[in-house]
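**Q**
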Amino acid sequence: MHDVLIIGAGLAGLSAARELTKRNIVWQLLEASDRVGGRVATDEVGGFLLDRGFQILLDAYPEAHQTLDYGELNLRPFHAGAKIWLGDKFTTVSNPLQHPKYALSTLLAPIGSLSDKFAMLTLRSMLEHSSLDDIFERRERTTSEYLRSFGFSQHIMERFFTPFLGGVFFDSKLDTSSRMFEFVFKMFASGKATLPAAGMGRIPRQMALRLDSARIRLNTPVASLEETPEGAIVRLASGETLRAKAVIIATNWHTASHLVSTIPTAARPSFTAPKSRSTTCLYFAADKAPTAEPILVLNGTGRGLVNNVCVPSNVAPLYAPKGQSLVSVSVIGSPQTDDDTLIAATRKEMAAWFGAEVQEWRHLRTYHIEHALPDQTPPALTPPERPVRLTDSLFIAGDHRDTASIQGALVSGRRTAEAIAALFA
Ligand SMILES: Cc1cc2nc3c(=O)[nH]c(=O)nc-3n(C[C@H](O)[C@H](O)[C@H](O)COP(=O)(O)OP(=O)(O)OC[C@H]3O[C@@H](n4cnc5c(N)ncnc54)[C@H](O)[C@@H]3O)c2cc1C
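The sequence shown lines up with residues 57 to 481 when you count with this note's numbering.
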């Protein structure tokens, strides 16, 4: 009989393992794929580092700060701001507190009115002075409702907030919880958006290297679960059966719902999975970067397929071989077209932004991520921390238990381990 079995080696599962280790509780981790990290992953393709979907680490995340060794990850910062495509030209807005020399150009940028810019400063200052507890106690509504009631104009909503936050939440209507918005905006305002020098995949790799590798079983998908008076039974796809006093389901919400459905009806706990938000990310190799800056480029036109673009190799040079650049192009959702049509449509749109040189870009890979984030439409974050205990011996972790983010996944894993430690005490 095992003490604890953890199903899934994403950040939540790794965080649970870390916390159990600190508490001298013996665990074993069962991971379906051939690597740790789940949604946080980097593939090496022809000398380029391709994160599975455009993703960043906000270094202000409190749980990441406590868990990760930022120095070893060698975090490379983005410019705090965004370059926005207006249909005929680009304009750049910057955080004046982090980049004072751009304060005037930001004030004059054709993104919203003067009153929008003052509202932005007020919002920033309000969030800087709010604790996370304050944020998660405030009334929850959609982000779009929240921003309008804060006084922001339609103009800044369309040109800045929708593409910026749409790309963070994979939600172009900004239906996502205002609590999530306040949390994320506070994190952007109080720290830096970064990439580890050698790719996002270094984050889970660092966590795994600090754990006992003998306890991590890769290529070990779990097929079904059962609960007994003594604990839980885990059946692997291979046919092997394992028993444990406690089991943590640390898969995404979609798989968790399936695993819960395999528990015989009499003992089956209630678990309702949220809907999924999806995204598509196309990577191209370019001889010349379409922008020289380490900055996020947003589509401020409200039209077209592409939501945001970035040149990760401008932020962290190891993302591309010497003399070349990596371009990442993000689309919200899953376009219902075949890949060749999608690549051609993206290239055409990018040529309008960056010129004929786009025709020379070489397509590297396209990632379709169906279950990218759990939907966080209100009341998703009421309460902000959802229960992690399903039954006497079954526990559940993952970003769908907290905020849908690296921070949330790490917190959920720790919370689950703490609940088990209390049970074993
Ligand atoms: C494209 C994209 C961009 C993102 N950008 C950001 C960002 O910029 N900043 C941010 O903070 N967050 C971002 N996120 C969200 C963040 O990556 C996730 O919130 C977090 O990684 C979730 O971790 P998790 O452990 O909860 O789940 P997962 O990463 O989904 O891990 C679940 C694990 O369970 C395993 N598993 C599944 N089924 C089984 C089974 N039957 N048996 C055993 N193992 C199984 C999976 O293989 C996986 O390893 C992004 C996500 C995506 C997809």
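Beta carbons are placed, not taken as given, at the ideal position from N, Cα and C, and that holds for glycine.
Note that the coordinates shown come from a computational prediction; the quantities given were computed from them, not determined experimentally.
#1: What residue from 74, 90, 417 has the CA that sits closest to residue 83's CA?
#2: My guess is that residue 238 and residue 191 are in contact by the Cβ rule of under 8 angstroms, so how many angstroms apart are they, rounded?
#3: Taking 8 angstroms as the cut-off, decide whether the C-beta atoms of residue 462 and residue 109 are in contact.
#4: Please look up how many angstroms separate the CB atoms of residue 416 and residue 343, rounded, as I've assumed it's under 8 angstroms.
#5: Residue 394 to residue 197, Cα distance in whole Å?
#6: Three or more C-beta pairs under 8 angstroms: does that hold for the stretch 369 to 378 against the stretch 104 to 124?
#7: Less than 8 angstroms between the beta carbons of residue 96 and residue 257, yes or no?
#8: When you compare only the Cα positions, how much space is there between residue 57 and residue 298?
#9: Between which two residues does the beta strand (DSSP E) carrying residue 137 extend?
#10: Which of the three DSSP states, helix, strand or coil, is assigned to residue 123?
#11: Could you check whether the stretch 203 to 222 touches the stretch 406 to 413, counting it as contact only if at least three pairs of C-beta atoms, one from each stretch, sit closer than 8 angstroms?
#12: Among all the DSSP beta bridges, which residues are the ones paired with residue 452?
#13: Do you know whose CA, among 146, 451, 465, lies nearest residue 290's CA?
#14: Find the nearest neighbour of residue 418 within the set 400, 432, 430, judged by alpha-carbon distance.
#15: Can you tell which of 140, 183, 240 has its C-alpha closest to the C-alpha of residue 165?
#16: Spatial neighbours of residue 65 within its chain, please: C-beta separation below 6 angstroms, excluding the five flanking residues on both sides.
#17: Within 7 angstroms: the Cβ of residue 408 and any heavy atom of ligand 1?
#18: Between residue 292 and the rest of its own chain, which residues show a CB-CB distance below 8 angstroms, the 5 nearest in sequence each way excluded?
#19: How about residue 339 and residue 421: do their beta carbons lie closer than 8 angstroms?
#20: With distance defined between alpha-carbon atoms, name the residue in 446, 396, 234 nearest to residue 317.
#21: I want to know whether the stretch 241 to 260 touches the stretch 180 to 195 - three or more CB-CB distances under 8 angstroms.
#22: For the pair the stretch 457 to 475 and the stretch 212 to 222, tell me if three or more CB-CB distances fall below 8 angstroms.
#23: Counting C-beta neighbours from all protein chains within 10 Å, is the total for residue 143 16 or more, i.e. buried, or is it exposed?
#24: Inspect the beta-carbon positions of residue 264 and residue 105 and report whether they are closer than 8 angstroms.
#25: Buried or exposed for residue 45, please, with buried defined as at least 16 other CB atoms from any protein chain shown within 10 angstroms of its CB.
#26: Please return the same chain residues whose Cβ sits closer than 6 angstroms to the Cβ of residue 225, not counting the five positions on each side in sequence.
#27: Can residue 247 be considered in contact with ligand 1, in the sense that its beta carbon sits closer than 7 angstroms to one or more heavy atoms?
#28: Suppose you measure from the CA of residue 122 to the CA of residue 455; what does that come to, to the nearest Å?
#29: If we ignore side chains and look at the alpha-carbon of each, how far apart do residue 136 and residue 459 end up?
**A** On the basis of the supplied data:
#1: 74
#2: Residue 238 to residue 191, Cβ: 4 angstroms. Contact.
#3: no
#4: 7 angstroms
#5: 36 angstroms
#6: yes
#7: yes
#8: 7 angstroms
#9: In this chain, the beta strand (DSSP E) harbouring residue 137 covers 137 to 141.
#10: helix
#11: A contact between stretches requires three or more CB pairs, one per stretch, nearer than 8 angstroms, and the stretch 203 to 222 fails this requirement with the stretch 406 to 413.
#12: DSSP lists 305 as the bridge partner or partners of residue 452.
#13: Measuring from the Cα of residue 290, the nearest candidate turns out to be 451.
#14: 400
#15: Per the Cα distances, 140.
#16: Its chain contains 85, 87, 92 as the residues whose beta carbon lies nearer than 6 angstroms to that of residue 65, once the 5 sequence neighbours on both sides are disregarded; these appear in chain order.
#17: No, the beta carbon of residue 408 sits no closer than 7 angstroms to any heavy atom of ligand 1.
#18: 86, 276, 277, 278, 279, 298
#19: The Cβ atoms of residue 339 and residue 421 lie closer than 8 angstroms to each other.
#20: 446
#21: yes
#22: no
#23: Looking at its Cβ environment, which holds fewer than 16 other Cβ atoms inside 10 Å, residue 143 is exposed.
#24: no
#25: Because the chain in this structure spans residues 57 to 481, residue 45 falls outside the shown range and cannot be described.
#26: 232
#27: For ligand 1, not one heavy atom lies less than 7 angstroms from the Cβ of residue 247.
#28: 17 angstroms
#29: Cα to Cα, the separation comes out at about 22 angstroms.
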